[in-house]
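Going from the sequence shown to the numbering used here is simple: count from 1 and add 717. One structure below.
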Amino acid sequence: MKKIAITLLSTLFLASFCFAADPKQTPSPVTEEKPMPSVRIPTDAVEITTVSPSGVVTVAPEETENTQNSTPTTDSSSLNKKDQSTVSTVSNESNPKTLPKEAVVVTTVTSTPKNVIKNEEEEKEALYISQHLEIIPAIQHEEDKKMHYAIDVEFPQIKGAPLTMQAKQFNHLINSMVQESVHQFKNYVKADATHMKTLPVSLRHNTMRIDYDVDLVKPEKHTFISVRLSIEGMQAGRAHPYHTYKVLNFDLQQGKELTLNDIFKPGAKYLTLFAKYSHHTLLKTLHDKWMISRGTTPTAKNYQFWNIQSDGILITFNEYQVAPYAKGAQEVAIPFHVLKPLMSSRTPIAACAKNSTRCEA
């Protein structure tokens, strides 16, 4: 019993000693975590593009008329319409009670009017027809943020003083071909509008590009202008763009389009010759015999993209016509010495078959 009593007394003594050493000792308080700063996201926002650790938020808003009419800090109406290509507004203190200092909400409004302008370096790229006439590139750019498309077009136009009626006709024909393709692309985008709304904003992009190649062929005081327009279109949500062509072979003296019937004898089976030569040539580099046979059959549709050159006729086959998409479009150049037996002696092009150097510009 004495041992138990001594043990109890010792325990009480040690406890009182520790309490006396730090009479104000209390349990450590629990540190409360400060809440993350709140950020007000506009109700019309459809995608938060980035959120940084420090609280910086970038929002991609719904690009509608309501969004464009929201309260931007930059008065876009005070800008010159020609310079009003892109207006960006940034706000970081619009709601200081809820927005952290670093928060950034970006809204972009784009309004680019349709226009046709000359290339700044047109003199370097000009192709001279004569002392007074030249072919220059014209550029057309068009954007529509509501429909999510951008169009960039480059096409040839004749410039000169005085500009002949034949030259004006060429300009009109080329411009009509370009605008027809642009209109068709816009219709594709409009028809696809419902599907496009189901895509993320980052994928709602439609683009169109048109470029060109041009050759001058000058036999016996004649001038022929041969143009190939290369058209590329990419629609939102598609795996890859599509490609196609348009061509114009123009007789500048007559002021009209040159046709294959103008070059060959009446009743000449030039399409059969095209088919045999193209089939034989393509088999040297391609391996799908079925596609080649189908795509080179002697029909006007298969040989609609042809261009006159100083040494022959260039045939362009669309993608998927004689080869898979991955192989792209294919070209076959048929020299004049192959075509000569079927060519009409009345066509100025016949001089090129005799001596191609006479036809070089």
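By construction, the Cβ of each residue, glycine as well, lies at the ideal position given by its N, Cα and C atoms. Values in this document were obtained by computation on a predicted structure and should not be read as measured data.
- Three or more beta-carbon pairs drawn from the segment 940-950 and the segment 964-971 are found closer than 8 Å, and the two stretches are therefore classed as touching.
- Per DSSP, reduced to three states, the secondary structure at Y929 is strand.
- Under the three-state reduction of DSSP, K973 is assigned to strand.
- Between the segment 916-925 and the segment 946-958 there are three or more C-beta pairs closer than 8 Å, enough to call the two in contact.
- If you draw a straight line from the Cα of A1050 to the Cα of G972, it is about 26 Å long.
- Per DSSP, the continuous beta strand (DSSP E) segment holding H858 begins and ends at L850 to D861.
- E851 sits close to G877, with the two beta carbons spaced by under 8 Å.
- In the three-state DSSP reduction, V1039 falls in the coil class, being neither helix nor strand.
- Judged by DSSP secondary structure, Y866 falls within the beta strand (DSSP E) whose first and last residues are Y866 to G877.
- Of the candidates E1048, A992, Y905 and I1032, A992 places its Cα closest to the Cα of T1013.
- The residue from R1075, H889 and R1011 with its alpha-carbon nearest to that of P873 is H889.
- Relative to V906, the option among L990, H865, I948 and D930 whose CA is nearest is H865.
- According to the DSSP assignment, T961 belongs to the beta strand (DSSP E) that extends over Y959 to D968.
- Here the alpha carbons of A1067 and Q857 stand approximately 37 Å from one another.
- Within the DSSP bridge table, the entry for N1024 names L1031 as partners.
- Between I948 and S898, the C-beta spacing is below 8 Å.
- Approximately 18 Å separates the beta-carbon atoms of V964 and F1053; this is outside 8 Å, ruling out the contact.
- Contact between N1035 and Y962 holds: CB atoms are separated by about 7 Å, below the 8 Å threshold.
- Per DSSP, reduced to three states, the secondary structure at I846 is coil, with no helix or strand assignment.
- I1066 sits in coil when the DSSP states are folded into three classes, being neither helix nor strand.
- If you draw a straight line from the Cα of D1005 to the Cα of V934, it is about 35 Å long.
- Its Cα nearest to that of G984, the residue L1059 stands out among Q901, S995 and L1059.
- For G1012, the uninterrupted alpha helix (DSSP H) segment begins and ends at K1006 to G1012.
- DSSP, reduced to helix, strand and coil, places R945 within a strand of the structure shown.
- In the DSSP assignment, A884 falls within the alpha helix (DSSP H) that extends over M882 to A908.
- Counted as a single uninterrupted DSSP element, the beta strand (DSSP E) harbouring V1049 occupies residues Q1047 to P1052.
- Counting only the Cα atoms, L920 lies some 50 Å from F981.
- Spatial neighbours of P1041 in its own chain (CB-CB distance under 8 Å, excluding positions within 5 residues in sequence) are listed in chain order as D1005 and M1008.
- Across the set K885, Q901, A1078 and I868, the C-alpha of K885 shows the shortest separation from the C-alpha of I875.
- Of the candidates K903, N1072, S847 and A908, the residue whose Cα lies closest to the Cα of P879 is S847.
- Pairing V1039 with Y929, the inter-Cα distance amounts to about 22 Å.
- Looking at the backbone, the Cα of Q1026 and that of I1032 are separated by about 11 Å.
- Shown here, T924 sits in a strand according to DSSP, grouped into three states.
- Taking every protein chain shown into account, the CB of Q1047 has 16 or more other CB atoms within 10 angstroms, so this residue is buried.
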